[in-house]
Every structure is written in C-alpha cells, then in structure tokens.
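Numbering (the working numbering), first residue to last: 1 to 258.
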C-alpha cells in the first residue's frame with residue numbers, strides 16, 4: 001500500500017470554512033484541484049496537523065474511504081492581499097507545509113438516521129477508539145456521503161494525549177470512555193470482527209511508515225526537549241501499544257453499546 005503524500009503549492013484562497021477553532025479554508029492548488037486546508041497557524045497548531053495526518057493514514061490503511069491527503073505549501077507572500085485581518089494572521093503564521101484534504105464537491109453531511117453497514121460502522125468506531133478521536137458525534141459527525149459511499153473526514157481531534165505529552169503508555173492503554181458519544185456506535189454490532197480485520201492490516205511496519213511521514217518542521221516543539229526522532233518514537237510506541245491492547249477499547253465500546 002502506498003501511504004506517501006504528494007506536495008502541492010497553494011495558489012488561491014477561495015473561502016474560509018468557519019468550523020471550530022482551526023479556521024480551515026477551501027483553496028485551489030497548482031494541480032488545479034481544490035482542497036480543504038488545515039493550517040499550522042490555527043487552533044492547536046502542528047499537533048492538529050499531526051493528528052489529521054496520522055489518523056487519516058490509519059483510516060486509509062484500514063481501507064476506509066477518506067479524501068486524499070496532501071502536503072500543501074504556503075508561500076510567505078500568500079496572505080498579503082487578504083482583507084480579513086484574522087485570516088491574514090492565520091496565513092502569515094502558516095508559512096511552509098500545511099495539510100490539505102481533497103475537496104469532495106457535492107458531498108453531503110452524513111445523516112445519523114441513515115442505516116449503515118454494521119461492519120463498516122464497526123470499523124469506523126474501531127478506528128476512532130484506536131486513534132482516540134473525540135469528535136465524531138451526533139453533534140459533529142465528520143462523515144460525508146459522496147457517490148453513495150460513506151467518507152471519513154477530519155481526524156484533527158485524535159491523539160489528544162499529545163497536548164499534555166505526558167505518560168503516553170497510560171493513554172495507550174486507555175479504554176477511551178468518549179466512545180460512548182460516537183455517532184455510529186449503535187450500528188457497530190461487529191466490533192470483534194472489526195478488531196480482527198484491523199489486526200490483519202495494521203502492524204509495526206505500517207506504523208513506522210506513517211510516523212515517518214510527519215515533516216520535521218512540524219516537530220520543532222517548544223513544550224518538550226525531545227528531538228523530532230524521539231517524538232516520532234513516542235507516536236510509534238503509542239500506536240504499537242494500543243494495537244496490542246485493543247481489547248481494552250473494544251470492550252469499552254461493546255459495554256457502551258449495551
């Protein structure tokens with residue numbers, strides 16, 4: 001499986017998508033495609049981009065439908081013509097590599113009343129319990145229907161342990177109680193099957209490949225003395241430990257369903 005990312009250059013800022021604190025935007029790149037851009041200068045900075053990257057690539061490795069992720073290069077002069085000062089600041093602080101998701105033109109938000117295949121629902125619940133994604137709820141589904149298929153978007157609220165960056169082992173073993181809020185939980189009747197499926201696809205090699213995708217410029221953190229390589233190792237060990245102990249969050253999800 002090819003987990004690599006293309007790099008594009010942002011040519012045109014189209015409009016802000018005022019959702020949440022990260023101020024994503026619709027933009028056009030030099031490949032003539034439109035992308036939903038997530039900016040390093042937004043809310044949680046590069047850590048949100050790392051969550052989006054790692055979570056998206058794990059979703060891809062599991063065979064789930066997710067828009068193509070690309071590195072999106074933002075030139076230093078890009079925001080100077082922007083009239084909105086808030087957006088101008090966001091663009092100024094986002095110079096360099098950002099993250100884009102291919103824009104699914106014509107997609108509609110997932111309606112929770114629509115029946116979903118139980119195995120697919122279970123795979124998505126498994127994914128979100130694994131990556132500790134707190135933001136796929138009835139309030140904010142972060143799922144789209146496109147060409148009659150269910151697409152996973154927006155994994156930026158996952159791997160939340162990295163905001164405190166303490167005791168990753170404890171977080172890796174967490175049963176993840178937030179799964180009780182998941183929009184697809186009631187339809188996820190095949191969690192054991194999803195767990196077996198995920199373990200046939202995910203392994204240390206995949207985790208290593210995914211972690212190595214994190215750009216070094218996203219790992220220059222002020223809140224730790226760790227080197228970029230040491231930070232990558234923590235993410236790798238978090239995923240390795242979490243997969244080995246998936247029974248913890250699978251049982252929690254089954255219990256929450258009950």
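Don't be surprised by glycine CBs; every beta carbon is placed ideally from N, CA and C.
{"Asked": "Cβ shell of residue 250 (< 6 Å), same chain only, five flanking positions each side left out", "Found": "191 and 195"}
{"Asked": "Buried/exposed call for residue 4, threshold 16 Cβ in 10 Å", "Found": "exposed"}
{"Asked": "Beta-carbon proximity check, residue 87 vs residue 24, cutoff 8 Å", "Found": "no"}
{"Asked": "Residue span of the alpha helix (DSSP H) that contains residue 254, given as start and end", "Found": "246 to 257"}
{"Asked": "Coarse secondary structure for residue 13, derived from DSSP in three states", "Found": "strand"}
{"Asked": "Segment contact, 8 Å Cβ cut-off, at least three pairs: the segment 166 to 174 with the segment 48 to 55", "Found": "no"}
{"Asked": "DSSP state of residue 98 mapped onto helix, strand, coil", "Found": "strand"}
{"Asked": "Length of the line joining the Cα atoms of residue 193 and residue 93", "Found": "44 Å"}
{"Asked": "Nearest to residue 235 (by Cα), restricted to the options 59, 172 and 11", "Found": "172"}
{"Asked": "Bridge partner(s) assigned by DSSP for residue 109", "Found": "144"}
{"Asked": "Buried/exposed call for residue 252, threshold 16 Cβ in 10 Å", "Found": "buried"}
{"Asked": "Inter-residue CB distance, residue 46 and residue 100 (contact presumed, cutoff 8 Å)", "Found": "15 Å between Cβ atoms; not a contact."}
{"Asked": "Selection from 107, 61 and 162 that minimises the alpha carbon distance to residue 49", "Found": "162"}
{"Asked": "Terminal residues of the beta strand (DSSP E) in which residue 69 lies", "Found": "69 to 74"}
{"Asked": "Distance, residue 201 Cα to residue 184 Cα", "Found": "22 Å"}
{"Asked": "Stretch-stretch touch, CB-based, cutoff 8 Å, three pairs: the segment 132 to 151 with the segment 98 to 117", "Found": "yes"}
{"Asked": "Nonlocal neighbours in the same chain, by C-beta distance under 6 Å from residue 66, ignoring five residues either side", "Found": "56, 59, 60 and 152"}
{"Asked": "Burial state of residue 132 (16 or more Cβ within 10 Å)", "Found": "buried"}
{"Asked": "Contacts around residue 206, its chain only, beta-carbon distance under 6 Å, and the 5 residues preceding and following it disregarded", "Found": "61"}
{"Asked": "Proximity of residue 244 and residue 96 at Cβ, strictly below 8 Å", "Found": "no"}
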